Amino acid sequence: MPKDPLNGELCGPRHVAIIMDGNGRWAQARGRPRLFGHHAGARRVREVVEACPGLGIKYLTIFAFSTENWKRTQVEVAGLMSLFKRYIIKETRTFAENGVRVRFIGDRVRLDAKLIELMDQLERETADNDLVHLTVALNYGGRDEVARATKRLAKDVAEGKLRPEDVDEETLPKYLDTRVLPDPDLVIRTSGEARISNFLLWQSAYSEYEFIDTLWPDFTASELERLCKSYGSRERRFGAVPT
Ligand code: IPE
Ligand code: IPE
Ligand code: MG
Numbered sequence: 000m001p002k003d004p005l006n007g008e009l010c011g012p013r014h015v016a017i018i019m020d021g022n023g024r025w026a027q028a029r030g031r032p033r034l035f036g037h038h039a040g041a042r043r044v045r046e047v048v049e050a051c052p053g054l055g056i057k058y059l060t061i062f063a064f065s066t067e068n069w070k071r072t073q074v075e076v077a078g079l080m081s082l083f084k085r086y087i088i089k090e091t092r093t094f095a096e097n098g099v100r101v102r103f104i105g106d107r108v109r110l111d112a113k114l115i116e117l118m119d120q121l122e123r124e125t126a127d128n129d130l131v132h133l134t135v136a137l138n139y140g141g142r143d144e145v146a147r148a149t150k151r152l153a154k155d156v157a158e159g160k161l162r163p164e165d166v167d168e169e170t171l172p173k174y175l176d177t178r179v180l181p182d183p184d185l186v187i188r189t190s191g192e193a194r195i196s197n198f199l200l201w202q203s204a205y206s207e208y209e210f211i212d213t214l215w216p217d218f219t220a221s222e223l224e225r226l227c228k229s230y231g232s233r234e235r236r237f238g239a240v241p242t
């Protein structure tokens, strides 16, 4: 991992966000149902989370289910929901004992009560951890998030808690699901698609992007390390001219 020449510290990405895509194609290539790919994909998450501290990644955000994914067959959606529940039950202890703080972003209203209960419990049981902050985007859509944030903001204005003239770039992010997180430095999408599919629209305004061909169930910690190294050699300008 590249080091900062001034202070010798790692200068890889502090917040990595991943669009975990390609599970269906991975399964299809093996002549198996799509859910087989989703199970294989879920198993990849642990290795990636475990690699974070060594790479200097403090925040990892993963896209698990989008607000548009309800358009899939009932069989696939139900299978994914049951996979999320099983996954939380299976991994809670590992996260709790290994310093991982888990949060969920997205709209919970469409999720079933049992899943919401498990999500709350996982958030509670890991609330004191601080080694890695894992955020899972579940029933998440960037436009939906901005719309929900705007609704809350408008309510505060209507109730006289906020003046319209005080609304600026710093105000809206305080209403987003990600309000406690820094913006992602690096956004990775697997499976060869070069689009963001409604992920972290506001937050990724200045993120670096990596679109890689690997299908998510084949993604490894060493590939993450390669991408972090490549990030370290990029120059982020944020609109300014380099000095
Ligand atoms: C990503 O894999 C997982 C979810 C969207 C839930 P896909 O299921 O989109 O896999 P492909 O893109 O069809 O291969
Ligand atoms: C994005 O993948 C959502 C997740 C990875 C959860 P999709 O497979 O749903 O995106 P599109 O349909 O190819 O844009
Ligand atoms: Mg896909």
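Position one of the sequence shown corresponds to residue 0 (numbering that gives the first Met the number 0), numbered consecutively onward. Glycine included, every Cβ here is placed at the ideal spot set by N, Cα and C. Because the structure is a prediction, the values reported are computed rather than measured.
| message | Just to confirm my understanding: we take residue 39, look at its own chain, exclude 5 residues before and 5 after, and list those with CB closer than 6 Å. What are they? | response | 216
| request: Give the straight-line distance between the Cα atoms of residue 160 and residue 174, rounded to the nearest whole angstrom. | output: 13 Å
| said: Using only CA atoms, which one of 129, 213, 221, 124 lies nearest to residue 18? | reply: 213
| message | If contacts are defined as beta-carbon pairs under 8 Å, then residue 13 and residue 184 qualify, I think. What distance do you get, rounded to the angstrom? | response | 6 Å
| field | residue 209 - partner residues in DSSP beta bridges | value | 187
| query | So the beta strand (DSSP E) residue 60 belongs to, where does it begin and stop? | reply | 58-65
| Closest Cα partner of residue 104 within the set 192, 194, 132, 47 | 132
| task | Answer yes or no: do residue 59 and residue 15 have a C-beta to C-beta separation smaller than 9 Å? | result | yes
| field | Strand pairing of residue 94, partner residues [DSSP] | value | As DSSP reads the structure, residue 94 sits in no beta bridge.
| CA-CA distance, residue 95 and residue 129? | 10 Å
| message | Just to confirm my understanding: we take residue 36, look at its own chain, exclude 5 residues before and 5 after, and list those with CB closer than 7 Å. What are they? | response | 22, 23, 25, 26, 216
| field | Spatial distance of residue 50 from residue 98 (CA atoms) | value | Using only the alpha carbons, I get a separation of about 13 Å.
| message | Checking the sheet assignment: what are the DSSP bridge partners for residue 250? | response | Lying before the first or after the last residue shown, residue 250 is absent from the chain, which here runs from 0 to 242.
| said: When you compare the CB positions of residue 283 and residue 134, do they come within less than 9 Å of one another, or not? | reply: Nothing about residue 283 can be read from this structure; the chain reaches only from 0 to 242.
| request: Grab me the residues of residue 178's own chain with a C-beta within less than 7 Å of its C-beta, minus the 5 sequence neighbours each way, in chain order. | output: Spatial neighbours of residue 178 in its own chain (CB-CB distance under 7 Å, excluding positions within 5 residues in sequence) are listed in chain order as 172.
| task | Within the same chain, show all residues whose beta-carbon is closer than 6 Å to that of residue 137, passing over the 5 residues directly before and after it, in chain order. | result | 63, 64, 103, 105
| request: Look up residue 149 in the DSSP assignment and say whether it is helix, strand or coil. | output: helix
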